[in-house]
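Scroll down for the structure; my scribbles are underneath it.
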Amino acid sequence: MKRELLDVVFASEKRKNFLLLLKDGPQEMEDILESLDTTRQNLLPQVKILEENYLVRHYDDSYELSMIGSMLVDEMVPLLETIDVFDSNIDYWGTRKLDFIPSHLLDKLDQLNICEIISPPITELYSFYKSFNPNFEVSSRACTITAFLYPKAYELFTDMFEHNMTLDFIVTRELLAKIRKEHWEEFSELIENDNFNMYVYNEKMDLLFLVFDEVHLLMAMLKNTGEFDHKFIACKSKSAIHWGQELFEYYQEQSTPVTEI
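One point on numbering: in the working numbering, the residue at position 161 of the sequence shown is 180, and numbering is uninterrupted.
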């Protein structure tokens, strides 16, 4: 009796890694053995199971994925990468509100790889940001979605504009009301700058803060209780920055430009 296909693919690390190794094309057995750090005697029984289930085929000593095997591996890779994202910080992800992420980006959470959880004081976010983009020379544009106003926002923004950076800035309606009440003078000046594009998102948003540029992404998610525990997720990979760009565009499309304070 044949094994269930799910068992064939995932129940053995050797079988799973063998399939993943063939993702980019056929390989000779000697190269496979070296990559998997195993022996022919140990690997062949697992390869036989894959062949019996029509996932792999071989010609002489060269192995490749079948059409079915290729289809399954294409689905395996993002699943395994998503598991890696959660597994590296499951205590963080498991306690976060993820409602703010649209479904098409939930399906792409595997792009948030090479990330770490950090806890810098809010007042040090400016210094933290500049460590990624010294003197604003690495990136010429930054995008932010935020429900709170960074204490040194005016200083940061004017510094950016002096270095000819562009800032796209989405705020919640509650934050816009606070800005108009408590920071009218500063933002009236900022909004006249051609490098400053401000928007208001008028719906409920369960995200505290997101900023990204061409070199990093920094995001603060709320806990399931709605509280913020001063933990941020910081990512440096191109895929994570692309994910942040897509999230920003999703909110930007549903936001209204702010042309006066």
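Where a beta carbon is used, it is the ideal one built from N, C-alpha and C, also for glycine.
Quick caveat: nothing in here was measured; it's all calculated off a predicted structure.
- Phe119 sits away from Thr165, with the two beta carbons spaced by 8 Å or more.
- CA-to-CA, the gap between Lys250 and Pro139 works out to about 8 Å.
- Taking 8 Å as the upper bound for CB-CB distance, Tyr82 and Ile102 are not in contact here, some 25 Å apart.
- Here Tyr73 is exposed. Its C-beta has fewer than 16 other C-beta atoms within 10 Å.
- Boundaries of the beta strand (DSSP E) around Glu83: Ser81 to Leu84.
- Per DSSP, the continuous alpha helix (DSSP H) segment holding His261 begins and ends at Lys257 to Glu272.
- Taken atom to atom, the span from the alpha-carbon of Ala30 to that of Leu128 is near 24 Å.
- For His202, the secondary structure class from DSSP, reduced to helix, strand or coil, is coil.
- Taking the Cα positions, Ala253 is about 13 Å away from Glu233.
- Here Asn61 carries a helix assignment [DSSP, helix/strand/coil].
- By alpha-carbon distance to Leu131, the top candidate from Asn243, Thr114 and Asp106 is Asp106.
- Judged by DSSP secondary structure, Ile164 falls within the beta strand (DSSP E) whose first and last residues are Arg160 to Thr165.
- Close CB contacts of Leu55 within its chain, under the 8 Å cut and outside five residues either way in sequence, are with Lys33, Asn36, Phe37, Leu40 and Leu62 (chain order).
- Per DSSP, reduced to three states, the secondary structure at Leu117 is coil, with no helix or strand assignment.
- Taken atom to atom, the span from the alpha-carbon of Phe215 to that of Lys223 is near 24 Å.
- Residue pairing from DSSP places Thr191 in a beta bridge opposite Tyr220.
- In this structure, Ile189 keeps its C-beta atom at 8 Å or more from the C-beta atom of Ile280.
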